[in-house]
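**Q**
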Amino acid sequence: MTVRPSSDSSLDDSEAKSGPPVSAELKLSPSEHPWPACFSAAVSKVLSDAEIPNFLWGDLLNSWRGHPHLPNVCGFVVPSESLDKAVDAISHSGLSACHCEEPLHLADPSSGTFLPVHFAVPQPYSTVYLYLCPSSVLLDLIPLTPTHANPAALEHERFRVSLRDQYSAPRADTGVSAGLVGDTYALNVLTASSLVKALLLLDCLSPPERVGVGAMYSYVLHIMAVSDPGPYDFGSPSLQSLWERVFVQGDRSEETRRPLLGEIYGEWRERIPAGFYAE
Numbered sequence: 001m002t003v004r005p006s007s008d009s010s011l012d013d014s015e016a017k018s019g020p021p022v023s024a025e026l027k028l029s030p031s032e033h034p035w036p037a038c039f040s041a042a043v044s045k046v047l048s049d050a051e052i053p054n055f056l057w058g059d060l061l062n063s064w065r066g067h068p069h070l071p072n073v074c075g076f077v078v079p080s081e082s083l084d085k086a087v088d089a090i091s092h093s094g095l096s097a098c099h100c101e102e103p104l105h106l107a108d109p110s111s112g113t114f115l116p117v118h119f120a121v122p123q124p125y126s127t128v129y130l131y132l133c134p135s136s137v138l139l140d141l142i143p144l145t146p147t148h149a150n151p152a153a154l155e156h157e158r159f160r161v162s163l164r165d166q167y168s169a170p171r172a173d174t175g176v177s178a179g180l181v182g183d184t185y186a187l188n189v190l191t192a193s194s195l196v197k198a199l200l201l202l203d204c205l206s207p208p209e210r211v212g213v214g215a216m217y218s219y220v221l222h223i224m225a226v227s228d229p230g231p232y233d234f235g236s237p238s239l240q241s242l243w244e245r246v247f248v249q250g251d252r253s254e255e256t257r258r259p260l261l262g263e264i265y266g267e268w269r270e271r272i273p274a275g276f277y278a279e
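Residue numbers are given in the UniProt record's numbering: position 268 of the sequence shown equals residue 268, and the series is strictly consecutive.
(1) Just mark Ala-149 as buried or exposed, buried being the case when its beta carbon has 16 or more other beta carbons within 10 Å.
(2) For Phe-119, which residues does DSSP report across the bridge?
(3) Taking all protein chains shown into account, decide if Ala-198 is buried (16 or more other Cβ within 10 angstroms of its Cβ) or exposed.
(4) Please work out which residues of its chain come closer than 6 Å, Cβ to Cβ, to Ser-218, disregarding the five sequence neighbours upstream and downstream, and give them in chain order.
(5) Output the residue ranges of the alpha helix (DSSP H) runs that lie fully inside the segment 53-97 and measure 4 residues or longer, sorted by chain position.
(6) Between which two residues does the alpha helix (DSSP H) holding Ser-193 run?
(7) Based on the DSSP secondary-structure assignment, which residues constitute the bridge partners of Glu-157?
(8) Rounded to a whole number of angstroms, what is the C-alpha to C-alpha distance between Pro-170 and Glu-255?
(9) Distance, Cα to Cα, Ser-253 vs Gly-262?
(10) Let me check one thing: in DSSP terms, what residues is Thr-184 bridge-paired to?
(11) Determine the burial state of residue 281: buried for a count of at least 16 other Cβ atoms within 10 Å of its Cβ, exposed for fewer.
(12) State the Cα-Cα distance for the pair Asp-88 and Pro-259, rounded to the nearest angstrom.
(13) Looking at the secondary structure, which residues open and close the alpha helix (DSSP H) in which Pro-237 lies?
(14) In the structure shown, what three-state DSSP assignment does Val-213 receive?
(15) What residue range does the alpha helix (DSSP H) around Lys-45 cover?
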């Protein structure tokens, strides 16, 4: 079942000021900003303060949108041309990028789900991971700015998240334009329908050496189809058929999937750069 933040959009400045002022130069401390939601809000603030557009991606977003699991690998999509700047901003705020290349590690380039850039975040009983994903890895589908190309017509909203209180539920924010309000920060998140739509396109159109980021796109889709099958309206006959027949109904046969992929290639060939198609 999807975890849905409160739809109360009446948050104002006085309501949000529930803790000490948040410093202008924020440090990414897991004790100060508990994992995963508070920490992700802090990361988004660090990136935004560095003038880097960013959207939530990975485990936390998936858990909010119908993938009920513990968020251990959380990420952000940033413009490809700003990746180095984003790494510098995160590093300056207290985390160092991990450069390991162990065979079974998250950075193993032979894995189709390896993380482009990741940071280890220590926890009392285990280590969790923050990662940055350049927009090109996600086929430039994510509308990072109002002027960014949006070939899949994806929709998003803002979730206001506490920077300190891990027990505070996120809320949909439609009435406050500022990112930082008191000790809360607004995260850019795809709607549930748009996330599933993006994952479907990524599963079908990504090159064979890239089948996911942290987890396979198809795996996340199968879990979402069980826990929250919709209904969704993707505005795309081919994606609608793929979702309902392969993921919701569970028909994974090649005889079913192959013609559906052909329909998707035909519908989306002119909308997504041709170099990303698996012919």
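Heads up, the beta-carbon is just placed ideally off N, CA and C, and yes, glycines get one too.
These numbers come from a predicted model, not from an experiment.
**A** Considering the structure as presented:
(1) Residue numbering aside, residue 149 sits at position 149 when the sequence shown is read from its first letter. When all chains shown are included, Ala-149 counts as exposed.
(2) Counted from its first residue, the sequence shown places residue 119 at position 119. Ala-97, Leu-130.
(3) Locating residue 198 in the sequence shown gives position 198, where the first residue counts as 1. By the neighbour-count criterion, in which a residue is buried when 16 or more other Cβ atoms sit within 10 angstroms of its Cβ, Ala-198 is buried.
(4) Position 218 of the sequence shown holds residue 218. Counting only Cβ-Cβ distances below 6 Å, and skipping sequence neighbours, we find Asp-203.
(5) 59-64, 83-92
(6) Within the sequence shown, the letter at position 193 stands for residue 193. 192-205 is the extent of the alpha helix (DSSP H) around Ser-193.
(7) As a first step, residue 157 is located in the sequence shown; it is residue number 157 there, counting from the start. Glu-157 is bridged to Val-189.
(8) Locating residue 170 in the sequence shown gives position 170, counting from the first residue. Locating residue 255 in the sequence shown gives position 255, counting from the first residue. Looking at the two C-alpha atoms, the distance is approximately 42 Å.
(9) Translated into the one-based positions of the sequence shown, residue 253 becomes position 253. Translated into the one-based positions of the sequence shown, residue 262 becomes position 262. The alpha-carbon atoms of Ser-253 and Gly-262 are separated by roughly 15 Å.
(10) Along the sequence shown, read from residue 1 onward, the residue named residue 184 stands at position 184. In DSSP, Thr-184 forms a bridge with Ser-162, Val-181.
(11) The first residue shown for the chain is 1 and the last is 279, placing residue 281 beyond what the model contains.
(12) Mapped onto the sequence shown, residue 88 falls at position 88. Mapped onto the sequence shown, residue 259 falls at position 259. Approximately 45 Å between the Cα atoms of the pair.
(13) Taking the sequence shown and counting its residues from 1, the one referred to as residue 237 is at position 237. Its alpha helix (DSSP H) spans residues 237-242.
(14) The count along the sequence shown starts at 1 and reaches residue 213 at position 213. Here Val-213 sits in strand by DSSP.
(15) Locating residue 45 in the sequence shown gives position 45, where the first residue counts as 1. 37-49 is the span of the alpha helix (DSSP H), which, as asked, contains Lys-45.
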